[in-house]
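Presented below is the structure to which this report refers.
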Amino acid sequence: MESNQSKPGLLCNPEGSQRTLYPYVTGTSVVALKYKDGILMAADMGGSYGSTLRYKSVERMKPVGKHSLLGASGEISDFQELLRYLDELILYDNMWDDGNSLGPKEVHNYLTRVMYNRRNKFNPLWNSLVLGGVKKGQKYLGMVSMIGVNFEDNHVATGFGNHLARPILRDEWHENLTFEEGVKLLEKCMRVLLYRDRSAVNKLQISKITEEGVTISQPYSLKTFWGFSAFENPTLGAEGSW
Amino acid sequence: MDQSIQNDLNAPHSMGTTIIGVTYNGGVVLGADSRTSTGVYVANRASDKITQLTDNVYLCRSGSAADSQIVSDYVRHFLHQHTIQLGHPATVKVAANLIRLFSYNNKNMLQTGLIIGGWDKYEGGKIYGVPLGGTILEQPFAIGGSGSTYLYGFFDQEWKEGMTKEEAEQLVVKAVSLAIARDGASGGVVRTVIINSEGVTRNYYPGDALPLWHEELEPQNSLLDILSSSSSGPDMMIS
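If you want it as structure tokens, here you go:
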């Protein structure tokens with residue numbers, strides 16, 4: 001009978017224990033906010049491969065069950081695996097056939113447990129997740145990071161969105177935004193991200209979830225503004241600068 | 243021998259590569275170069291990187307030669323079993339998802355990017371990309387391998403929906419040959435595989451039959467031929 005204490009190599013051996021080292025195909029920011037009728041969420045359709053903008057039609061927001069919407073940034077393969085876990089979760093929930101269905105709060109909790117447990121095993125799912133939904137009139141918007149940090153708020157963002165979108169949302173969000181106001185606000189955030197996040201791609205989707213259900217818009221592009229005279233002549237009076 | 247060359251000769255076999263998969267009106271065309279390198283040495287200049295998974299689904303392999311071969315062997319085995327149990331040919335989607343399963347669950351150990359292409363009677367011609375990490379993405383066309391970096395701009399410009407079989411194959415051959423021109427890790431011949439409702443066709447384009455690009459010259463047998471064919475003879479030699 002050999003105890004594990006006599007095999008220290010096994011525990012420290014990187015091959016012996018699996019661990020995700022680094023992400024390969026990644027998605028950038030997701031931004032979401034609560035509005036009058038539910039949740040609005042926006043994400044672009046880019047899948048970056050290091051510095052290359054390799055894939056430009058990746059759907060990073062998906063409905064979960066009847067009441068929730070999941071958006072993800074980070075490693076796309078891990079997001080695809082999470083969607084499989086959630087498919088199974090929703091299936092088992094439906095099989096109870098008890099008239100009850102998992103709401104956004106429950107799905108958020110499940111995701112938190114999954115992410116935190118993987119983090120404890122040093123094999124994280126390399127994603128930042130945004131979970132939004134409406135059930136029985138109650139709006140819910142939460143976030144889970146790859147290390148299992150979770151919280152809910154009136155507006156959330158992942159990745160670069162944390163730095164660029166959240167200040168805008170803190171300033172301009174208020175209770176009972178209309179759909180139009182919400183979309184305009186999200187687009188304002190996404191445009192800034194397009195200007196300033198090099199992994200951003202100009203092809204995005206906005207999705208909404210209300211008591212009625214989930215709708216994800218068709219992909220579309222935002223107009224950008226370049227008409228500053230200082231842009232046309234940046235080195236006026238300072239030749240050689242940029 | 244030099245220490246650095248010594249290391250390279252024992253380096254793992256890697257297929258610097260160019261692989262392409264393209265859908266057209268009625269099926270798919272898969273294409274690849276044929277160079278397998280160990281460090282700087284070309285271990286195999288005529289490899290076949292397009293491997294068969296089933297009668298109607300083929301796979302383009304890039305990255306580590308060993309990793310891509312073992313994944314394709316496992317998937318071929320399980321697809322064969324699946325076909326027997328199902329009673330009719332497996333779909334391209336199932337083959338692609340099996341590849342994803344292996345690539346994703348062994349992501350820490352594998353270093354291989356794959357393109358799955360095939361034809362089935364439910365969805366017609368389909369191309370799936372499974373890059374490093376095990377993401378699966380269905381695409382109208384896919385490019386992979388080290389040579390693909392030189393082709394993003396080319397495809398952005400030249401890709402069209404609904405090409406004919408001939409247009410699609412010409413596009414693939416042109417693209418692989420352009421990548422070979424610039425990527426040191428790609429070279430040799432261009433192999434293509436066309437899959438549609440009628441079946442599978444393999445084509446072979448030897449290195450000397452490919453178009454010439456910028457700063458490339460028409461191959462000759464010898465300088466002597468050039469000298470003898472020019473009017474001024476040996477005086478043409480540049481001093």
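Chains as they are written, first to last, in the working numbering: chain A, 1 to 242; chain B, 243 to 481. The beta-carbon is built from N, C-alpha and C at its ideal position, and this holds for glycine as well. Source: prediction; values computed, not measured.
So, helix, strand or coil for residue i, using DSSP?
i, result
"N162/A", "helix"
"L11/A", "Residue confidence is low: L11/A scores 42 on pLDDT, short of 50, so the model does not pin down where it sits. Its coordinate-derived value is still stated next. Residue state, collapsed to three classes: helix."
"E187/A", "helix"
"N339/B", "helix"
"I292/B", "strand"
"P167/A", "helix"
"L194/A", "helix"
"E239/A", "coil"
"N347/B", "helix"
"V334/B", "helix"
"E458/B", "coil"
"V151/A", "First, the amino acid is wrong: residue 151/A is Phe here, not Val. Correct three-state label for F151/A: strand."
"G182/A", "helix"
State the start and end residues of the unbroken alpha helix (DSSP H) segment that holds residue i.
i, result
"V414/B", "K407 to R424"
"D93/A", "I76 to M95"
"T318/B", "Note on identity: in this sequence residue 318/B is Arg, with Thr being the wrong assignment. First-last of the alpha helix (DSSP H) with R318/B: A307 to L328."
"F231/A", "S229 to E232"
"I468/B", "L465 to S471"
For residue i, I'd like the list of residues in its chain whose CB is within less than 7 Å of its CB, leaving aside the five on either flank, ordered along the chain.
i, result
"P14/A", "Any answer about P14/A is weak, because its pLDDT of 49 lies below 50 and its placement is not dependable; what the coordinates show is given next. Around P14/A: no qualifying Cβ."
"S279/B", "S256, G258, A285 and A427"
"L193/A", "S29, F160, G161, L164, A165 and A200"
"E175/A", "none"
"G137/A", "E211"
"K349/B", "G375 and G376"
"P23/A", "G74, E75 and W126"
"L69/A", "I39, M41, M61, P63, G132, G133, S207, I209 and V214"
"G142/A", "H108, L131, N150, F151 and E152"
"K36/A", "N176, L177 and T178"
"V58/A", "G27, M45, G46, G47 and I76"
"V271/B", "V264, A410, E411, V414, T434 and I436"
"G430/B", "D275, S276, R277, R287, A288 and G449"
"A230/A", "none"
In the DSSP assignment, find the beta strand (DSSP E) that holds residue i and state where it starts and stops.
i, result
"V130/A", "N127 to K135"
"E106/A", "It is not in any beta strand (DSSP E) - E106/A instead sits in the alpha helix (DSSP H) that spans P104 to N120."
"I357/B", "T354 to D362"
"T26/A", "V25 to G27"
"V270/B", "G269 to A274"
"D44/A", "G38 to D44"
"L269/A", "No statement about residue 269/A is possible, as the shown extent of chain A runs from 1 to 242 and does not include it."
"K34/A", "V30 to Y35"
"L53/A", "T52 to Y55"
Return the chain-ordered list of same chain residues with a C-beta closer than 8 Å to the C-beta of residue i, the five sequence neighbours on each side being excluded.
i, result
"L452/B", "V415, S419, I422 and V432"
"T354/B", "R303, S304, G305, S306, D309, S310, V313, S345 and L374"
"L393/B", "T260, I262, I385, A417, L420 and A421"
"V114/A", "L82, Y85 and L125"
"F383/B", "I262, G263, V264, T265, I369, F397 and W401"
"S128/A", "V30, A72, S73, G74, M143, V144, S145, M146, T158 and G159"
"Q462/B", "I468"
"Y316/B", "F344"
"R257/A", "Missing from the structure shown is residue 257/A; chain A here goes from 1 to 242 and no further."
Mark residue i as exposed unless 16 or more other C-beta atoms lie within 10 angstroms of its C-beta, in which case mark it buried.
i, result
"L10/A", "Any reading at L10/A must be qualified, since the residue scores a pLDDT of 39, below 50, and its modelled position is unreliable; the value itself is stated next. With fewer than 16 other Cβ atoms within 10 Å, it is exposed."
"F79/A", "buried"
"F122/A", "exposed"
"Y220/A", "exposed"
"L466/B", "exposed"
"H456/B", "exposed"
"E411/B", "buried"
"K291/B", "buried"
"Y370/B", "buried"
"P124/A", "buried"
"M243/B", "Residue placement at M243/B is poorly supported in this model, since its pLDDT is 45, which falls under 50; the coordinates still yield a value, given next. That one is exposed."
"P448/B", "exposed"
"T224/A", "exposed"
"T406/B", "exposed"
"P234/A", "exposed"
"M351/B", "exposed"
"D97/A", "exposed"
Which same chain residues, not among the five before or five after residue i, have their C-beta less than 6 Å away from its C-beta?
i, result
"E293/B", "What sits at residue 293/B in the sequence shown is Thr, not Glu. L301 and S314."
"G268/B", "N438"
"V372/B", "I341, R342, S345, L356 and I378"
"A274/B", "I261, K291, I292, C302 and R433"
"T443/B", "I436"
So is the beta-carbon of residue i under 6 Å away from any non-hydrogen atom of the ligand ADP?
i, result
"L86/A", "For the structure depicted, the ligand ADP is absent and the ligand set is empty, with no information on it obtainable."
Continuous beta strand (DSSP E) assignments of at least 3 residues falling wholly in the stretch 423-456 of chain B: 432-438 and 441-447
Minimum length 3: unbroken beta strand (DSSP E) runs contained in the stretch 371-412 of chain B: 379-381 and 383-386
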